[in-house]
Amino acid sequence: MKLQLSDLANLQPIKRVVIHSIDWMIYQVTVEIEGKERLLYEDEKPLRFHNMIQIKELMETLKVESYVLRRDNSAYDEMVGQQSTDFKDTFETALPWKQVVPEVH
1 MKLQLSDLAN LQPIKRVVIH SIDWMIYQVT VEIEGKERLL YEDEKPLRFH NMIQIKELME
61 TLKVESYVLR RDNSAYDEMV GQQSTDFKDT FETALPWKQV VPEVH
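The sequence shown begins at 1 in UniProt numbering and counts up by one.
Below, the structure written as C-alpha cells:
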C-alpha cells in the first residue's frame with residue numbers, strides 16, 4: 001500500500017522523515033512508520049521535489065520528531081567503475097528543522 005501525501009496528517013506524530021538526495025536538485029521523501037521507511041506518493045507517482053524548501057514547507061504543519069538528509073552512493077562511484085555492491089558510502093545528516101519532542105509516559 002502506497003503512503004499518500006494525504007495520509008500524513010493521520011500518522012502524527014511522525015517518528016522520522018528522511019529526505020533522499022537522488023540527483024542534482026531532485027529529492028524524494030520517505031517516512032518512518034513502525035520502524036519501516038515508506039516512500040511518499042501523490043496518487044500513483046512518487047513525490048519529487050526540486051529543493052528542500054518545498055519539503056520543509058510541506059512538513060511545517062506536521063508533528064515530526066526528526067528530519068534527516070540522506071545521500072546514497074554517489075554517481076562518481078559508477079563513473080569510475082566502482083561496483084555499488086563493493087561498499088556503501090551512504091551519508092546521512094540530521095536537519096535542524098522544527099521538531100516535536102516525543103512525550104515520555
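Even for Gly, the Cβ is constructed at its ideal location relative to N, Cα and C. Model, not experiment: these values are computed from the prediction.
(request) Check whether the Cβ of Leu3 lies closer than 7 Å to any heavy atom of the ligand MN, and answer yes or no. (result) Ligands are entirely absent from the displayed structure, and the ligand MN is therefore not among its contents.
(message) Please classify residue 107 as buried or exposed, where buried requires at least 16 neighbouring CB atoms within 10 angstroms.
(response) No answer is possible for residue 107: it lies beyond the span of the chain, which begins at 1 and ends at 105.
(request) Kindly indicate which residue of Gln4, Glu103, Val18 has the alpha-carbon position closest to the one of Ile55. (result) The shortest Cα separation from Ile55 among Gln4, Glu103, Val18 belongs to Val18.
(request) Alpha carbon to alpha carbon, how far is Asp89 from Pro13? Give it in angstroms, no decimals. (result) Take the alpha-carbon of Pro13 and the one of Asp89: they are about 30 Å apart.
(request) Below 8 Å CB to CB, which residues in the same chain sit around His50 once its five sequence neighbours on both sides are set aside? (result) Annotation for His50: Met25, Ile26, Tyr27 place their beta carbon closer than 8 Å to its own, counting only its chain and skipping 5 residues before and after.
(request) Under 7 Å Cβ to Cβ from Val100, same chain only, skipping five residues before and after it: list those, please. (result) Cβ within range, chain order: Pro13, Lys63, Val64, Glu65.
(request) Mind checking which residues open and close the alpha helix (DSSP H) that includes Leu95? (result) No alpha helix (DSSP H) holds Leu95; the beta strand (DSSP E) holding it covers 91–95.
(request) Quick one: grab the DSSP three-state call for Lys63. (result) Shown here, Lys63 sits in coil according to DSSP, grouped into three states, outside any helix or strand.
(request) Give every residue of the same chain whose Cβ lies closer than 7 Å to the Cβ of Lys15, excluding the five residues on either side of it in the sequence, and list them in chain order. (result) Apart from sequence neighbours up to five positions away, the residues of its chain that approach Lys15 with a beta-carbon distance below 7 Å are Glu32, Glu65, ordered along the chain.
(request) With a 10 Å radius around its C-beta and 16 neighbouring C-beta atoms as the bar for buried, classify Leu8 as buried or exposed. (result) Under the 10 Å beta carbon count, Leu8 is surrounded by 16 or more other beta carbons and is classified as buried.
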